[in-house]
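Single-structure report; data block below.
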Amino acid sequence: MIDPVLAVLSGLALALGCFFMLSGAVGLLRFPDFYTRMHAAGVTDTLATFLIVGGLMLLAGWSLALLKLGLILLFIFFTSPTASHALARAAQHSELRLPEADRQREREAEPVVESEPERIAEADALNADRV
Amino acid sequence: MLTATMIALLVVMALALVRALLGPSVYDRVLAANVFGTKTVLLIAVICFTLGRPEYLDIALVYALINFVSVIGVLRYFEFRSAQGGEALND
Amino acid sequence: MRYTLSLVAVLAFIWLANSGHYTPLLLTFGLLSIALVVFLARRMGLVDRESQPLHLSMSLPGYYWWLFCKIVQSNLEVASCVWRGRQSIHPASARLETKLQTDLGRVLYANSITLTPGTVAVELEGDEILVHALNAGGLEELRRGEMENRVRALEE
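Protein chains in written order, with our numbering: chain G, 1 to 131; chain V, 1001 to 1091; chain S, 2001 to 2156.
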């Protein structure tokens, strides 16, 4: 009933999707501070979601389910940058402020600043006893 | 493959829960909750294919909407907290 | 008027794709809800060039395709960073100036930055974007401005 080529392709997409999703989740646990964890979550939100929903779309064939999966994919792709931006901006208004943000208008010296792990660890510790 | 995907999704959700429990900041927890939510959407979609019932996709769609709105709502609540305590600065 | 028609088309598509029951009663409900949403959107002044960027419909697919390739590429990078561990990442942040003029262009640019794993647009103020990157290389790439130039080509 399902074309074997499509079945193999969808299996491949699902497997790749699982791999990227697991890498994202491991990154979520392994990365040292909030902002880097956000990048790891970004991996699970973009390519992994695309691959898994794409694999399901290949299984669905021409039906209403295909359109609905397309809508889900489109919706996740439109909302995930909004959600992560809102999250980053909210963190920016807290103790997790990026060092660069303090030097508002003077960026002539050296624009790239390595973020200081101790500072963030300190902020994390601050948060830990507050939460 | 669908079963394997389902197991992988459950593992990812468990890892997100571990991050949510470890924290350490509120924002890490919200991030983990967001990841958990989007994975739930995918899990519902995969389940509806294993059961062969395409109607369940509607639930996935609605869950995606609710997840987004709830994350934004929670962030509105936490955004303007000062460093010292739970006092809202403005807005 | 063009924008209203395109909104009606989009809403009708969403209704038809999600309902799956094409009986007269449900189609009437669909028409009524579309009419209600269009009325509310017009009253709120949301039906305009910004919410329905019809003038971009020819050039946007090409940009999205480029962005998709970019996303795949940076996904591979971030995934490899995850497995190589902590010493492979060098988080950096900087305020980048943008030459984009319109709000639509800026939002598109900032959203593209966020959607690409490895870089997140944290704050957008005036003509500056605060970007956090997993590796300093990501910032360098944004400074080179390929993405910005592509968005600017859309603006015109």
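Even for Gly, the Cβ is constructed at its ideal location relative to N, Cα and C.
Quick caveat: nothing in here was measured; it's all calculated off a predicted structure.
Thinking C-beta only, is residue j closer than 9 Å to residue i?
i, j, result
"L2096/S", "V2131/S", "yes"
"V1030/V", "M21/G", "no"
"S2112/S", "V2151/S", "yes"
"P2117/S", "E2077/S", "yes"
"T1005/V", "V1046/V", "yes"
"A2041/S", "L2016/S", "no"
"A40/G", "S23/G", "yes"
"S2093/S", "Y35/G", "yes"
"L2115/S", "L2154/S", "no"
"L87/G", "L1002/V", "no"
"V1026/V", "S80/G", "no"
"L28/G", "P1054/V", "no"
"A18/G", "A1064/V", "Here residue 18/G turns out to be Cys, not Ala, going by the sequence shown. No, Cβ-Cβ distance for C18/G and A1064/V is not below 9 Å."
Return the CA-CA distance between residue i and residue j, expressed in angstroms with no decimal places.
i, j, result
"A2133/S", "E2123/S", "13 Å"
"M2044/S", "T2004/S", "13 Å"
"D102/G", "A83/G", "Annotation note: pLDDT 49 at D102/G (below 50); position unreliable, no value reported."
"I2089/S", "G42/G", "15 Å"
"H85/G", "V1069/V", "14 Å"
"L14/G", "L2060/S", "28 Å"
"L12/G", "N2149/S", "35 Å"
"E2156/S", "L2054/S", "13 Å"
"L2105/S", "F78/G", "Strictly speaking, residue 2105/S in this sequence is Gly, with Leu absent from that position. Roughly 16 Å between the two C-alpha positions."
"I1072/V", "L1057/V", "23 Å"
"S2138/S", "K2070/S", "Contrary to the premise, residue 2138/S reads as Gly rather than Ser in this sequence. Cα to Cα, G2138/S sits roughly 12 Å from K2070/S."
"P4/G", "I76/G", "29 Å"
"R2144/S", "V2047/S", "36 Å"
"A2136/S", "Q2052/S", "36 Å"
"R89/G", "R37/G", "15 Å"
"V26/G", "V2082/S", "7 Å"
"V1062/V", "I2034/S", "19 Å"
"L67/G", "L2142/S", "35 Å"
"T44/G", "G1023/V", "19 Å"
"I120/G", "F2068/S", "In this prediction, I120/G scores a pLDDT of 49, lower than 50, which makes its location untrustworthy; no coordinate-derived value is stated."
"L2036/S", "A1014/V", "42 Å"
"Q104/G", "L1021/V", "Unreliable placement is indicated for Q104/G, whose pLDDT of 44 sits below 50; the coordinate value is still reported in the next sentence. If I take the Cα positions, the gap works out to 34 Å."
"A2012/S", "Y2064/S", "24 Å"
"I2129/S", "A91/G", "16 Å"
"R2086/S", "A2079/S", "12 Å"
What are the boundary residues of the alpha helix (DSSP H) that residue i is part of?
i, result
"V2120/S", "Note, V2120/S: premise wrong, no alpha helix (DSSP H); beta strand (DSSP E) at T2119 to E2125."
"M2001/S", "Run containing M2001/S: none; DSSP gives neither H nor E here."
"L1043/V", "V1026 to T1050"
"F2039/S", "P2024 to R2043"
"F31/G", "It is not in any alpha helix (DSSP H) - F31/G carries neither H nor E in the DSSP assignment."
"G55/G", "T49 to A60"
"P81/G", "L64 to Q92"
"T1005/V", "L1002 to L1022"
"R2049/S", "Element bounds for R2049/S: n/a, residue is neither H nor E."
"P1054/V", "First-last for P1054/V: undefined, no H or E at that position."
"L2076/S", "L2060 to R2084"
"G2105/S", "D2103 to L2115"
"L2154/S", "E2146 to E2155"
Pull up the DSSP beta-bridge partners for residue i, would you.
i, result
"I2129/S", "L2096/S and L2124/S"
"H2090/S", "N2135/S"
In chain order, what residues of the same chain lie with their CB nearer than 6 Å to the CB of residue i, ignoring the 5 residues before and after it?
i, result
"L47/G", "F20"
"V1035/V", "A1016"
"L1010/V", "none"
"A1060/V", "V1041, I1044 and A1045"
"S10/G", "G55, L58 and L59"
"R107/G", "The predicted position of R107/G is uncertain, since its pLDDT is 42 and thus under 50; a value taken from the coordinates is nonetheless stated next. So no residue of the chain qualifies."
"G1085/V", "The predicted model places G1085/V with a pLDDT of 46, which falls under 50 and marks its position as unreliable; any figure quoted below should be read in that light. Excluding positions up to five away in sequence, the list is empty."
"T1050/V", "L1002"
"R1019/V", "A1032"
"T49/G", "I76"
For residue i, which residues of its own chain have a beta-carbon under 8 Å away from its beta-carbon, when the five flanking residues on both sides are left out?
i, result
"S2019/S", "L2026 and G2030"
"L2100/S", "R2106, Y2109, D2127, E2148, V2151, R2152 and E2155"
"E2050/S", "D2103 and L2104"
"T1052/V", "The sequence shown places Gly at residue 1052/V, rather than the Thr named in the question. If we look at G1052/V and ignore the five residues flanking it on each side, it has no Cβ neighbours."
"D1028/V", "R1019, A1020 and L1022"
"L51/G", "A13, L14, L16, G17 and F20"
"F1078/V", "V1026, Y1027 and V1030"
Leaving out five residues before and five after residue i in sequence, what residues of the same chain have Cβ atoms less than 7 Å from its Cβ?
i, result
"V53/G", "L69, I72 and L73"
"R2002/S", "L2054"
"T2102/S", "E2155"
"F31/G", "R37 and A40"
Just checking residue i against the ligand COA - is the residue's beta carbon closer than 8 Å to any of the ligand's heavy atoms?
i, result
"M57/G", "This structure lacks the ligand COA; in fact it carries no ligand of any kind."
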